[in-house]
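The opening position of the sequence shown corresponds to residue 19 in my numbering, with each subsequent residue numbered one higher. By construction, the Cβ of each residue, glycine as well, lies at the ideal position given by its N, Cα and C atoms. For reference, the structure discussed in these notes is given below.
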Amino acid sequence: MRGKGKMFNQRNNIVIACLFGCLLLMPFSAFSQEGFGQALGVRKSLSGTADSKGREVRSFGSQNQTVEVESSSIPFSALNPAGSGTESPVFYNVHVLGEVGRPGVYKIRPSDRVTDALQYAGGQLPNGSTRRLQLRREGSTRILDLFAYKYNGLLDNNPYLMENDVIFVPVKKGEIQVEGPVNRPGNYEITRPISLAKAVAMAGGFSVGLSAKTPIRIVRFNGEEKKEIIEVENSRDEMAGFEVKKGDAIVVPHILIADKEFDYNLKRIPGDNIFYPTIDDNVYVIGAVSLPGAYEFKPHYTYKEYVSLAGPVRDAKMRSIRLIRSNGKKLRVRKSTTINAGDTLVVPQRYWKPEVVAGWLGTVTNLTLSTLVITDRFK
């Protein structure tokens, strides 16, 4: 009986010890299971001691806040700097500045990364860099490349955040454009000149429509402000040896249009912001055309493109087209004549029909120009 009682007491002691150990570990396991995605001990010492590496770790956004973990996931919504607080019991204050929609201070959860903070701040603006983000922490600055995180899976470029971190989004340094049979056509930011092979790799590589026998063409504006078309053979050595610069447009040939000819004019240089300093950015075509009216101004268009869009009729006198500038100046169109925004092209015909002349007043928005046209025709 004595032996059995002693064994019973030992079992009771073991059970009591196990229960006591579970009670001690319960607060810490509760934190790790609440959806934060990481243990908090390394990033914050609730007792104000040190982390696993022996360094002093700063507390969360509010030291006076009582940490209580309830059942189920913690409700949370990102707040603007003018917010009244956060529903999360544990949070960090971080600064998101630079080229973002709503710069300011935001309260975030310990599981949030750089991309989460950027989303709370309204996202990056179109001119904001994705390759040279700055993460400033305690006097040091770290450069982050979100392109490498998004397309190459490099998690180090999207780290967790800590109290009082500063995320600064600078302006892009340069862009290139990759179009044609590639897996991700579009604009890409570059921080320095890169090889043509790397530029195509940024766009996801070639797709099935590639015409390997046709050279890749690079549209570039040189130091003399003139457009040049550079052809590069589609081979590993040639592509690795050719240097792509910011502002270049890379046109990868497609097998369906490899034998076609194009002018390679660009609506917009990659990384540039074209601006027409005028209220009226249309070109008007009236007279002996099927579709008289206003047409969008294109910097590389000649008078022939505008007249072709309007569709000249059979009895149109194409060699006698007149041009009226926005300031009222009249001249005869020649091959070298430059067409500006707000100009009006008058296509004459062998004889003027009354209904054609009557439609001019509704086509040209400027009454002065309409009067000049009619005066010129019936003087």
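For V301, which of helix, strand or coil comes out of DSSP?
strand
Determine contact between the segment 249-263 and the segment 147-158, defined as no fewer than three beta-carbon pairs at a distance below 8 Å.
no
Near V118, which residues of its chain fall below 8 Å by C-beta distance, leaving aside the five closest residues on each side in sequence?
L136, A139, G140, G141, Q142, L143, G146 and V187
Length of the line joining the Cα atoms of F280 and A230:
18 Å
In chain order, which alpha helix (DSSP H) runs of at least 4 residues are fully inside the segment 170-249?
214-220
Going by the beta-carbon positions, is the gap between D255 and I236 smaller than 7 Å?
no
Rounded separation between E243 and D134 - CA only
42 Å
Our contact map puts A334 next to Q367 with C-beta atoms below 8 Å; I'd like the distance itself, whole angstroms only.
5 Å
Closest to K109 by C-alpha separation, out of G122, D130 and A166, would be which residue?
In the sequence on display, residue 109 carries Phe and not Lys. Taking only the C-alpha atoms, the option nearest F109 is D130.
By alpha-carbon positions, which one of P310, Y169 and Y302 ends up nearest to G223?
Y169
Give me whichever residues DSSP pairs with N111 in a beta bridge.
K125
Using the Cβ count rule (16 or more neighbours within 10 Å means buried), how would you classify N175?
buried
Using a threshold of 7 Å, state whether the C-beta atoms of N201 and P288 are closer than that.
no
Beta strand (DSSP E) runs contained entirely in the segment 245-278, provided each spans 3 or more residues
245-250 and 267-269
What is the rounded straight-line gap between the Cα of P203 and the Cα of Y282?
17 Å
Closer than 8 Å by C-beta to A306: which residues in its own chain qualify, once you throw out the five before and the five after it? Chain order, please.
P330, V331, D333, A334, K335, V365, P366, Q367 and V374
Are A359 and F293 closer than 7 Å when you measure CB to CB?
no
Under three-state DSSP, which class holds E323?
helix
What are the boundary residues of the beta strand (DSSP E) that V364 is part of?
T362 to V365
Here's the rule: buried if 16 or more other CB atoms are within 10 angstroms of the residue's CB, otherwise exposed. What is D290?
exposed
Separation of T148 from V132, as counted between CA atoms:
12 Å
From E197, R127, Y324 and V189, residue whose alpha carbon lies closest to that of D183
R127
Euclidean distance between Cα positions of K125 and L162:
21 Å
Give a yes or no on whether the C-beta atoms belonging to I339 and V351 are separated by under 7 Å.
yes
Range covered by the beta strand (DSSP E) that runs through Q152:
L151 to R155
Using the Cα positions of I234 and S326, report the straight-line distance between them to the nearest angstrom.
30 Å
Is the CB-CB distance between Y319 and V303 below 7 Å?
no
Look up L349 in the DSSP assignment and say whether it is helix, strand or coil.
strand
Cβ-based neighbour list, T355, same chain, cut-off 7 Å, excluding 5 preceding and 5 following:
Y321 and L341
Own chain partners of S213 with C-beta closer than 6 Å, once the 5 adjacent residues on each side are dropped:
A258
Going by Cα to Cα distance, which pick from A221, L164, T362 and Y167 is closest to V270?
A221
Straight-line Cα distance separating P317 from E207:
25 Å
Candidates V196, G227 and K190: closest to R210 by CA position:
K190
When the Cα of V196 is compared with those of K264, R120 and R150, which residue comes out closest?
K264
Per DSSP, what kind of secondary structure is R131 in: helix, strand or coil?
strand
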